[in-house]
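Everything below concerns the one structure shown next.
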Amino acid sequence: MIKFVFDLDGTITKVETLPLIAAELDLADEMKLLTDLTLTGKIPFDKSFKLRYLILRNVPLKKIQDIMATVPLDEEILAFIAEHKKNCAIVTGNLDCWIEPLAEKIDCEIFASTSELDDRNSPVLTKILDKGTVIRELKKSCDKIIAVGESFNDVSMFEAADVSIAFGGVHKPVDAAISVADFVVFDSGALCRLLKNFLPIGEKKPMQKTLVLIKPDAFGKNHSGDILKIYEDAGFKIVAAKVMRMTPELAAKHYAEHIGRPYYPSLVEFMTSAPIMALVLAGDNVIKKVREINGATNPAEAADGTIRKLFAEDKSKNAVHASDSPESAAREIPIFFSAAEIFD
Ligand code: CDP
Ligand code: MG
Numbered sequence: 010m011i012k013f014v015f016d017l018d019g020t021i022t023k024v025e026t027l028p029l030i031a032a033e034l035d036l037a038d039e040m041k042l043l044t045d046l047t048l049t050g051k052i053p054f055d056k057s058f059k060l061r062y063l064i065l066r067n068v069p070l071k072k073i074q075d076i077m078a079t080v081p082l083d084e085e086i087l088a089f090i091a092e093h094k095k096n097c098a099i100v101t102g103n104l105d106c107w108i109e110p111l112a113e114k115i116d117c118e119i120f121a122s123t124s125e126l127d128d129r130n131s132p133v134l135t136k137i138l139d140k141g142t143v144i145r146e147l148k149k150s151c152d153k154i155i156a157v158g159e160s161f162n163d164v165s166m167f168e169a170a171d172v173s174i175a176f177g178g179v180h181k182p183v184d185a186a187i188s189v190a191d192f193v194v195f196d197s198g199a200l201c202r203l204l205k206n207f208l209p210i211g212e213k214k215p216m217q218k219t220l221v222l223i224k225p226d227a228f229g230k231n232h233s234g235d236i237l238k239i240y241e242d243a244g245f246k247i248v249a250a251k252v253m254r255m256t257p258e259l260a261a262k263h264y265a266e267h268i269g270r271p272y273y274p275s276l277v278e279f280m281t282s283a284p285i286m287a288l289v290l291a292g293d294n295v296i297k298k299v300r301e302i303n304g305a306t307n308p309a310e311a312a313d314g315t316i317r318k319l320f321a322e323d324k325s326k327n328a329v330h331a332s333d334s335p336e337s338a339a340r341e342i343p344i345f346f347s348a349a350e351i352f353d
């Protein structure tokens, strides 16, 4: 079995968590100093962690957990872990009880520094995790370990792993990590594509797919080229495409959940009024991302740079359609394309 092990702070979290907590508690300078010294290896992780633990140990656990719950996580890495849960683990020097809210969100095996709660519900540090030791233990039951991290504390993990990847998605990996890494990657999309190459062929999942329609307004105004370029530039593949005219029957099938809504008759009239371009796009997390790229249904509410902001007229003539969930994509794609027309 192959195991992907991820550092937590600065790899999956988009900020270092302990400085964030310290900032909330007016201890930012002290914590930053210690974190900088640790990230660059000027003081060993265990010593620095002990000091950082002492700074934070008297803060009520609930307060730390509440702040942890707000820490932004890398969505692409989370999606990769969710898809390959049994092959993934988090290896972090951070304290088990502090990171509980993050562990719940990430939801895979986790190795962390350990604590016991005293009678005031404050954590008492029982063991600082050594990442190299964890990897050597995991090796007994795994064929191949692929480690992802960025700081000085990850070097022992990199040295023990079969493949190591220095990840610069949050900040540049420290030189010591880069110098022992097999790969250096600066973007989480690229990281996940690289990780997938290590999966045995049979475990490679097919690319996620979504249905996109370039509606009569945008197609008629010759915006298809611009719109396709936006999707392609975002890294998605066009695996099926056709110019066609929607019939009322097709519209009823496609917009089944809208039948009976006040706007339904005008929606069908609009969608059948002129040719559209139907597409299937494929790629990582394509369903969610294309919805983001398209923007809100109402162009007045759509974010800058979204297709609807750029090309839509109003809430009805809103340039594009995209499936809103995996269930919708699975239902909608066969309405427009046969399996033989999809090249994935
Ligand atoms: O397309 P999207 O999933 O963003 O929105 P929807 O709520 O599923 O609605 C489907 C389509 O119905 C919209 O894209 C609009 O073209 C149309 N619509 C409308 O004309 N007036 C509304 N009040 C809501 C939707
Ligand atoms: Mg919809």
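Remember, our numbering sits 9 above the position in the sequence shown when you count from 1. Virtual Cβ for every residue (Gly too), placed ideally from N, Cα, C.
For residue i, the three-state DSSP class (helix, strand or coil)
| i | result |
| --- | --- |
| T22 | strand |
| L34 | coil |
| P132 | strand |
| H330 | strand |
| I137 | coil |
| I144 | helix |
| K149 | coil |
| L82 | strand |
| E350 | helix |
| K181 | coil |
| K230 | coil |
| I64 | helix |
| I285 | strand |
Pairwise C-alpha distance: residue j and residue i
| i | j | result |
| --- | --- | --- |
| R2 | P284 | Only positions 10 to 353 of the chain appear in the structure, and residue 2 is not among them; the question remains open. |
| G314 | E84 | 20 Å |
| L43 | D171 | 30 Å |
| N307 | A321 | 8 Å |
| D196 | K251 | 33 Å |
| L222 | I30 | 45 Å |
| M40 | A260 | 59 Å |
| F345 | A287 | 7 Å |
| P271 | A331 | 21 Å |
| T49 | V164 | 11 Å |
| A185 | E159 | 9 Å |
| S275 | I99 | 51 Å |
| P343 | A328 | 21 Å |
| V194 | A32 | 29 Å |
| D152 | A312 | 46 Å |
Opposing strand residues paired with residue i [DSSP bridges]
| i | result |
| --- | --- |
| T256 | In DSSP, T256 forms no bridge with anything. |
| G158 | A175 |
| L204 | DSSP lists no partner for L204. |
| I119 | I99 |
| T219 | L290 |
| A339 | Answer by DSSP bridge pairing: none, since A339 is not bridged. |
| K12 | I154 |
| V354 | Nothing can be reported for residue 354, as the shown portion of the chain is limited to 10 through 353. |
| K246 | A291 |
| E125 | V133 |
| L48 | Paired residues: none, contrary to the question. |
| L104 | S122 |
Check: residue i C-beta below 6 Å from any heavy atom of the ligand CDP
| i | result |
| --- | --- |
| S325 | yes |
| L126 | no |
| Y240 | no |
| L276 | yes |
| Y272 | yes |
| T306 | yes |
| H263 | no |
Residue i Cβ short of 6 Å to the ligand MG heavy atom set
| i | result |
| --- | --- |
| D333 | yes |
Residue i Cβ short of 6 Å to the ligand ATP heavy atom set
| i | result |
| --- | --- |
| H330 | Ligands displayed in this structure: the ligand CDP and the ligand MG; the ligand ATP is not among them. |
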